[in-house]
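Let me begin by presenting the structure, written as structure tokens, before commenting on it.
In the working numbering, the protein residues as written are -12 to 265.
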């Protein structure tokens, strides 16, 4: 086909602080409103050869395979990598779907617009129940508010200018996003998420994002006992933190010493870099 031997792409990790789910039959109109941050850590893909692997081990990744199929792509070798743990609310499934689509299109010299790639990755995430808003945020970068659900122009996003900020987190283990999305009380979560977004629009700051996220984690019932313990310890020393939606993971502004009681903190920073090639 005359394509290069390898092609690479990446997308930033993304943490949702609060959200309100919105599901329709059309995945393009589905997703969530809410707010989150993209990080300097990222997930990516190298397209070369055959098969699907993660960190060198053969895997099956349905969200990636489905996104590629939506673009009419099959039979490419998809080799995934990440700085951040998978299954902990850091948006890695969205990052994998996005980066695989971008890298595969470049590899096969199949020209697609970013809107087409975003659509495939977002719809795959919604249909596989691996995420509801990560992909849109990962194509925007920074402190991102999802104002209307779905992909633009159906969906609407805005971002808040922020100064560089160190973000740290501790992750205890995986949570099955699809299971949580299926079983959660969507009416209560929706009500709390929409309220938090209204408050965020009144005072669009990073500190307000942390405070609203903390309240959402507690009141929604999504925070596990371990998450509540970590949050309490960080707040006892005056820190700002909350739970990464949806994972057993607590993220904080700066590097609060209390995090070290619960694991080795991952330290990175809030990044405005969006998904891209290379």
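Every residue gets a Cβ at the ideal spot worked out from N, C-alpha and C, and that includes glycine. These figures come from a predicted structure and were not determined experimentally.
Restricting attention to 168, 9, 42, 151, the CA atom closest to the CA of residue 260 is found in 151. Within the model, the alpha-carbon separation for residue 131 versus residue 224 is close to 28 Å.
Just so you know, the alpha carbons of residue 15 and residue 39 end up roughly 26 Å apart.
Here residue 227 has 197, 240 as same chain residues with Cβ atoms under 6 Å from its own Cβ, once five neighbours each way along the sequence are excluded. Assignment of residue 191 by DSSP, reduced to helix, strand and coil, places it in the coil class. Taken in chain order, the complete alpha helix (DSSP H) segments of 4 residues or longer contained in the segment 29 to 61 are 49 to 57.
Around the CB of residue 133, 16 or more other CB atoms lie within 10 Å, so the residue is classed as buried. Collapsing the DSSP output to three states places residue 224 in coil. When the beta-carbon positions are compared, residue 258 and residue 77 stay at least 7 Å from each other.
In summary, residue 201 is buried, with 16 or more beta-carbon neighbours lying within 10 Å of its beta-carbon over all protein chains present. The alpha carbon of residue 179 has as its nearest neighbour, out of 253, 209, 72, 263, the alpha carbon of 209. Residues 115 of the same chain have their beta carbon placed closer than 7 Å to that of residue 49, with the five preceding and five following residues left out of the count. Scanning 245, 72, 160 for the CA closest to the CA of residue 218 turns up 245.
Shortest Cα-Cα distance from residue 13 to any of 68, 82, 110, 97 involves 110.
Contact between the segment 2 to 12 and the segment 54 to 65 is absent: fewer than three C-beta pairs spanning the two stretches fall below 8 Å.
Using a 10 angstroms sphere on the CB of residue 252, the tally of other CB atoms reaches 16 or more, which defines it as buried.
Judged by DSSP secondary structure, residue -4 falls within the beta strand (DSSP E) whose first and last residues are -6 to 9.
A straight line joining the alpha-carbon of residue 190 with that of residue 231 spans about 21 Å. A direct Cα-Cα distance of roughly 41 Å separates residue 206 from residue 265.
If you compare the alpha carbons of 145, 113, 42, 162 with that of residue 124, the shortest gap goes to 145. CA-to-CA, the gap between residue 84 and residue 212 works out to about 31 Å. In the DSSP assignment, residue 145 forms a beta bridge with 132.
The alpha-carbon separation between residue 20 and residue 177 amounts to approximately 9 Å. Between residue 108 and residue 73, the alpha-carbon positions lie close to 17 Å from each other. Bridge partners of residue 19 according to DSSP: 8. The DSSP-derived three-state label of residue 155 is strand.
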